[in-house]
Structures are given as C-alpha cells and as structure tokens.
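Comments concern the structure below.
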Amino acid sequence: MSVKTAQSIESFVALLKRDLLLASRHFSEVVQPLLFFTMAVMLFPLGVGPDAELLRIIAAGILWVAALFASSSVLDKMFREDFEDGALEYLLLSPTPLPLLVIAKCLAHWLTTGLPLVFIAPLLGLLLNLSFEAVPLLVLSLLVGTPTISFVGAVGVGLTVGLRRGGVLLTLLVLPLYVPVLIFATGAVQAASQGAHAYGHLLILLSMLVLATTLTPFAAASALRISAEMN
Amino acid sequence: MELNSIFQCQKLNVERDDRILLDNLSFDCTPGSLTQITGANGSGKTTLMRTLAGLRPVTVGKITWQGIPIKEQREVYHQDLLFLGHSSGIKLSLTCIENLQWMLALCGQSQTKATIGSVLQLVGLGGFESNLARTLSAGQRRRVALAMLWLRQAKIWILDEPYTSIDVSGVDLVKDKVMEHLSHRGLVILSTHHGLNMTADQVINL
Amino acid sequence: MLANLRQLASPKNFYQFAGTIYPWILFLAVGTLCFGLVWGLLYSPPDYQQGETVRIMYLHVPMAIMSMAAYMVMAGASAVGLVWHLKTAHIVARSCAPIGAMFTLVTLVTGALWGKPMWGTWWQWDARLTSELILLFLYLGYIGLYQAIDVVETAERACALLALVGVVNIPIIHFSVEWWHTLHQGPTISRLNPTIDASLMGPLYLMILAHWMIFMAYVLMHSRTAILARERKTQWVKSLV
Chain A
1 MSVKTAQSIE SFVALLKRDL LLASRHFSEV VQPLLFFTMA VMLFPLGVGP DAELLRIIAA
61 GILWVAALFA SSSVLDKMFR EDFEDGALEY LLLSPTPLPL LVIAKCLAHW LTTGLPLVFI
121 APLLGLLLNL SFEAVPLLVL SLLVGTPTIS FVGAVGVGLT VGLRRGGVLL TLLVLPLYVP
181 VLIFATGAVQ AASQGAHAYG HLLILLSMLV LATTLTPFAA ASALRISAEM N
Chain B
1001 MELNSIFQCQ KLNVERDDRI LLDNLSFDCT PGSLTQITGA NGSGKTTLMR TLAGLRPVTV
1061 GKITWQGIPI KEQREVYHQD LLFLGHSSGI KLSLTCIENL QWMLALCGQS QTKATIGSVL
1121 QLVGLGGFES NLARTLSAGQ RRRVALAMLW LRQAKIWILD EPYTSIDVSG VDLVKDKVME
1181 HLSHRGLVIL STHHGLNMTA DQVINL
Chain C
2001 MLANLRQLAS PKNFYQFAGT IYPWILFLAV GTLCFGLVWG LLYSPPDYQQ GETVRIMYLH
2061 VPMAIMSMAA YMVMAGASAV GLVWHLKTAH IVARSCAPIG AMFTLVTLVT GALWGKPMWG
2121 TWWQWDARLT SELILLFLYL GYIGLYQAID VVETAERACA LLALVGVVNI PIIHFSVEWW
2181 HTLHQGPTIS RLNPTIDASL MGPLYLMILA HWMIFMAYVL MHSRTAILAR ERKTQWVKSL
2241 V
C-alpha cells in the first residue's frame, strides 16, 4: 500500500471519527429526527382514522414517507456547520481526494440519522398493524434505502450550503430524486405483507445504493467546490 | 522563467460578483521569500488569497506550483500548502487537541498528543489542552488554528490576515515562526493590514 | 480547434448569429403552428373511439415531447458549459428552463382535460402523468436554485451540475414510476388502444415540428437578452445599446 493510500484512509477515518464524536456531544440532535419520525407516523392514524385494516395497507407508505421527511429535515446539517465555521476549507484543501471525504461525511450522517430510524421502525410498524412477516423487510428496506438518501442528499446539500436559507430549496431539490427509493422500498414491504417474494425489490434498492455510492460523491464534491466560491 | 521561482502567478484576473478586482496580476515567489499582499478593505485580498490556495477557480491566467498549473495537480499542491483563512475551522464542541488532530489528519499528517501538547504550551495555551474550544476566547481559538504552523509540514504558507484577534505577544510568536520557516527555504504569502514588523521580499499592493 | 470553437461560441458571436436566424425560426414557428392547428382541429377526422376529444392530442403530445426534449437540451448545454467553460452554453441552458417548465405544466393541464372525458376523472395517477409531475418539480428546483444564488457564474455552474444530476435520474425515476404503475393499476380503467390512425399522424408531426420551432425561437430570444445583461459592461454591448 502506497503512502498516499494510507494517508487517504487515515484522513477518511479521522473525519468519520470527528463527526461521530461531534454527534455524541450533541446527542439531542441525534434524537430529534427520531422524534420527528415517530410523531409524523403517529399523526397518520389521527388523520385517517383508527381502522386497523386500512392502517395495515398503508403502513409501509406511511413509514417510508415519514422516514424520507425525517432524513430530509436533518440533511442540511451534513455540511452547514463545516461551511460556516471554515472547517470545509480543510476538506477542500486536503491532499485526500474530496469524493472520498464526502463518503466519510455521508457515512457519518447516515450512522447518526438514518440508522437510528432502522431500529425504531419495527416498533412503529407494529403500532400501524403492519403484518409480522413484513417487519423484517421493513428493516431491510430501511437499511438499504436510507444510505441512498444520505448519499443523494449530499449533492443537494453541496449545492445549497452556501445559501443563507437553503433549507426549503434543498427539500425541493432532493425529494423528486427520492421517488425511486420510495417506490421500491414500499414495494418490498407490501410484497412481503402479501406473502410474495421481495428479493427483487431489495436487489433493485441495493443496486440504487451501489449507484449512489459510486456517482454521488463526485457530484457532491463538485457541488461543494462550486459552493465554496460563494464564501 | 527564473529558475528558482517555484510559485508563479501569471496574468491572473480575479473577478467577483461581476466586478474585476485584479487585472493581469503576475508575480513569482522563490524559496525562502516572503510576499506581502496589502490593500484597502474590499480590494480583493481575501479573494486573491483564496484563489492562490485553489479554493476559487482560475478563469483567466495561470497559477503554477513547481512549474505545473495547480488545477492539474491539486493533490500535490495541497500536500505542500498550509492555508490559514479568516474562519479557523475550529469545532467548538471538540477540545484543542481533538481539533488539531482532525486538522492534521485531513492534511495527511499526524502528531502525538505529547507533541501537540507542547506546541499548545508554546502558543500560550498550556493547561487548555483538554478544554472544549467553546470555553476559549476568540484570540485563544485563533491561537489553536495558528498552532498548525508548528505542527504541519508544508513548503508554502498562505496566511490570510494571520494577526486578526491575537495580542502583541501572539503577533511576535507568529512573526518568529514565519522567519524560521523562511530560513528553512519555505515560502510565505501573507496578507495583512497591520504593520508587518519584518521586511518582505516583495509587496503587492492591490 | 477548441480555441476556434470558443471564438465562434463567444457571447458576441452567438448574439449576432441568434439575431440573424431568430426571425426565420419565429416565422417558421408561427407558420407551422397555424397550419398544424387548422389541419388538426378542422380537417382531420375524429377518432373512432374518442371522437372529437382526440384533438387535444395535437397540443398534449407535442408539449409532452418538448417538456422532455427541453430538459435534454438543457442538460446537454450544461455539460458543454461545465466541461469547456463556455459562457454561451450556460446561458442557453438557463434559457431552456422557463419554457421547459411551461411545456410541462401545459402537458399536465391538457392531460387532465383529456383525462376527464376519457377516464371520467381529472387526475389519474397514470405513469406518464406522474413522471411529468416529477419533471415539473425538477424544473422548478432548477429555477429556484438559479434564483437563490446571487453570483451569476456560481449560479450557472451549480445549476448545470443540478441539470446533470437530474438527467441521470430521469430514466431511473421514469422506470420506477412505470413499474409502480403496473403494480398498482386499478381494474376499472380501460386502456385505449394506443395505436394512432395514419390520418391523424400528419397534423401531429407538423405540430411537433411547430413546437420545436417555438422552443428554439424562445431559447434564442431569451439567450439574447441574457447575453446583453451578462455582457453589459463590455465594449460591444455598450456600443450596441
């Protein structure tokens, strides 16, 4: 292994560690999207009525739409602080390729915002009367789908991070891009609750994840370099 | 081309918000030389410094490092570059040591905690090693960022207003460090509107 | 070679070139549009299944084609702008957005109008209509981002990147919506036979051509004004105005 590669890996790990350390010191920020997720899911039965059969049918959709909104609500944090306190310059001026550092940022963001949703979702699924067989698929679809959301979202964050109030615009930019994930993730859960095989859906979700992890770091890196000009 | 000059700026145009800040700027830097950038507020000092560091694209003209345009060898150039901008990048909820550790790691370098501790001692932050940056004053936070001058190996330093918010003793400390870097054939480009207290090899007034 | 191309595509040259061909394109646009409308609305036979309502097709189908074509042109121009740093390409890309969004909106409205007699409802979560709705949001996001960034060069480059991200995603979105639709398609909707009788094709092709001309005329005109605004400080614009 060349010195260069070892250096790159070291930077990657250091950035990941730093972001996880920061998240652990602001633990309430990790809990907030979880509360958002729970509350959004809770509002649906209050809106459509307590009919258990109806809830069972729409449970997958509710959970996934709520998960999308919950992750979008914290997406902006991925680079906002780094942009404002100047830490982004260290990323941009690092000898390590920027796309690699973007992957570290996305990974840290997913571990602190996406992964917690995966753990709480089964419980909420049962509250919505989701059939027992569909729960593992719900967990799997979230496990494969939420990282894609972080990666695709990184491009939107990169483009809007230089703007004072980019929050709503960011949501407008990224939500249309989440449509495929939503369709196949809910498709997987619904197929499972009807007793059908859901491997196909999961494989498509997985291929979307592979596509997202290989392409979006480059797009997000270019977006960050463009945004850095605004400073 | 002068044989010694390893950093060159050729016919550079710098525009910002549709306004031409600098037109046709050319200068060379040799190892061991200090270049001072001066100019009034709004004359484009920071924009120029950020362009020289590679944070803004060069549209007209060329900036070369060791004979190769910096945009063609970004990673090599950034390996050799230490840039200190306006905002220091300090994370308020990390300690001084933790901050310096991630900064060094992103530059592809590392130092032991003991070394970082002794440098913090040197810049007047002895006893604050494990304090969160949140508890430090603005001047102290700046000193944390300046500690990179001692910790990081780099051939070219681009320092944008390094003396902002530090006191007289801090200014002297930085000045001595800059002199030391120059004596090791390092290269410094520095912008300031304070008095410099040392002789620059060239002054570029914007 | 590249330097020559850059010279040819300089804002000044493009402004003059666009000024020369713009009247001709506009003339062709009005001509084909009038001819196509008269042919399609008055002189073509009604459909044997849909009757007179089929005539909405002469607006709906060209608009739908152009809504996607405009995005492709926008993405293509954006790529050229990013790769070769061509100011003109960025300006052309930017000019595609408003008219593209307009085409998309009209496609949705005419689709709804067509849906009422055909499906008995204004909106149907049909695969193509849903894709079109998402496309509208992509356009609006592009326009929103452009307007949010104050520095024109930065806005252009950020939007160019967004257009490229969008163009990679459009096939994926389209495919997943198609798939979603086949999964959820309700049993009550009877899909009409999609083949079109040859007698209806003539005016349809003419209308598609007309819409291309409208699009080109708009982009040329919009680019010309944008160039004047961008280059207002240069000598050639000052001597022009």
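Chains as they are written, first to last, in the numbering used here: chain A, 1 to 231; chain B, 1001 to 1206; chain C, 2001 to 2241.
Don't be surprised by glycine CBs; every beta carbon is placed ideally from N, CA and C.
What you are looking at is a predicted structure, and each value in this text was computed from that prediction instead of being measured.
Within 7 Å (strictly less), CB to CB, does residue i reach chain A?
i, result
"TRP1102(B)", "yes"
"GLU1075(B)", "yes"
"ARG1152(B)", "no"
"ILE2189(C)", "Note that ILE2189(C) scores a pLDDT of 40, beneath 50, so its modelled location is shaky; the value from the coordinates is reported in the next line. Output row for ILE2189(C): interface = no."
"GLN971(B)", "The shown model of chain B, from 1001 to 1206, leaves out residue 971(B), and the question about it has no answer."
"GLY2141(C)", "yes"
"SER2131(C)", "no"
"SER2176(C)", "yes"
"HIS2181(C)", "no"
"ALA1138(B)", "no"
"PHE1083(B)", "yes"
"ARG2157(C)", "yes"
"ALA1105(B)", "yes"
"THR2234(C)", "no"
"LEU2086(C)", "no"
"LEU1087(B)", "The residue asked about is misnamed: residue 1087(B) is Ser in this sequence, not Leu. True, the Cβ-Cβ gap to chain A drops below 7 Å."
Considering only their Cβ atoms, is the gap separating residue j from residue i smaller than 7 Å?
i, j, result
"ALA2093(C)", "MET2072(C)", "no"
"THR213(A)", "ALA154(A)", "no"
"ALA2210(C)", "THR2032(C)", "yes"
"ALA185(A)", "TRP110(A)", "no"
"TYR90(A)", "MET1148(B)", "no"
"LEU16(A)", "ALA108(A)", "yes"
"THR38(A)", "VAL74(A)", "no"
"TYR2142(C)", "LEU2162(C)", "yes"
"ALA219(A)", "VAL2165(C)", "yes"
"GLU2052(C)", "ALA2127(C)", "no"
"SER2044(C)", "PRO2203(C)", "yes"
"ILE1068(B)", "CYS1009(B)", "no"
"VAL157(A)", "MET78(A)", "yes"
"TRP1157(B)", "VAL1123(B)", "no"
Within the 7 Å Cβ cut-off, does residue i reach chain C?
i, result
"ASP1017(B)", "yes"
"PRO176(A)", "yes"
"VAL179(A)", "yes"
"GLU229(A)", "yes"
"SER222(A)", "yes"
From which residue to which residue does the beta strand (DSSP E) around residue i run?
i, result
"GLN966(B)", "Residue numbering for chain B in the displayed model covers 1001 to 1206; residue 966(B) lies beyond these limits and cannot be assessed."
"GLY1061(B)", "1060 to 1065"
"GLN1202(B)", "1202 to 1205"
"PHE1083(B)", "1081 to 1084"
"ILE1037(B)", "1034 to 1038"
"ILE1189(B)", "1187 to 1191"
Let's see if you can read the secondary structure: which residues bound the alpha helix (DSSP H) around residue i?
i, result
"GLN7(A)", "3 to 25"
"ASP85(A)", "77 to 85"
"CYS106(A)", "98 to 109"
"ASP1023(B)", "ASP1023(B) -> not in any alpha helix (DSSP H); beta strand (DSSP E) instead, spanning 1019 to 1029."
"SER1110(B)", "First-last for SER1110(B): undefined, no H or E at that position."
"SER2131(C)", "2127 to 2148"
"GLU2231(C)", "Segment: none, GLU2231(C) is in no alpha helix (DSSP H) and carries neither H nor E."
"ILE120(A)", "115 to 127"
"PHE2027(C)", "2011 to 2038"
So residue i and residue j are in contact, right, with Cβ under 8 Å, and what is the actual spacing, rounded?
i, j, result
"SER11(A)", "THR96(A)", "4 Å"
"ARG1016(B)", "GLY1044(B)", "7 Å"
"ALA67(A)", "THR146(A)", "7 Å"
"ASP1018(B)", "VAL2152(C)", "7 Å"
"LYS1091(B)", "ALA1133(B)", "6 Å"
"SER2223(C)", "ALA2018(C)", "6 Å"
"LEU173(A)", "LEU2145(C)", "7 Å"
"LEU1100(B)", "ILE1116(B)", "5 Å"
"THR2110(C)", "ILE2056(C)", "5 Å"
"LEU1034(B)", "LEU1182(B)", "6 Å"
"ILE1037(B)", "ILE1204(B)", "5 Å"
Would residue i pass as an interface residue toward chain B - the criterion being a Cβ-Cβ separation below 7 Å?
i, result
"VAL2151(C)", "yes"
"GLN7(A)", "yes"
| Residue ranges of each alpha helix (DSSP H) run of no fewer than 4 residues wholly in the region 1120 to 1167 of chain B, ordered along the chain? | With a minimum length of 4 residues, the continuous alpha helix (DSSP H) runs that stay inside the region 1120 to 1167 of chain B are 1138 to 1146, 1148 to 1151.
| task | At 4 residues or longer, and completely inside the region 147 to 216 of chain A: list those alpha helix (DSSP H) runs for me, N to C. | result | Complete alpha helix (DSSP H) runs here, min 4: 167 to 174, 179 to 193.
| For the region 2201 to 2232 of chain C, which segments carrying the alpha helix (DSSP H) assignment without a break, of at least 4 residues, lie completely within its bounds, in sequence order? | none
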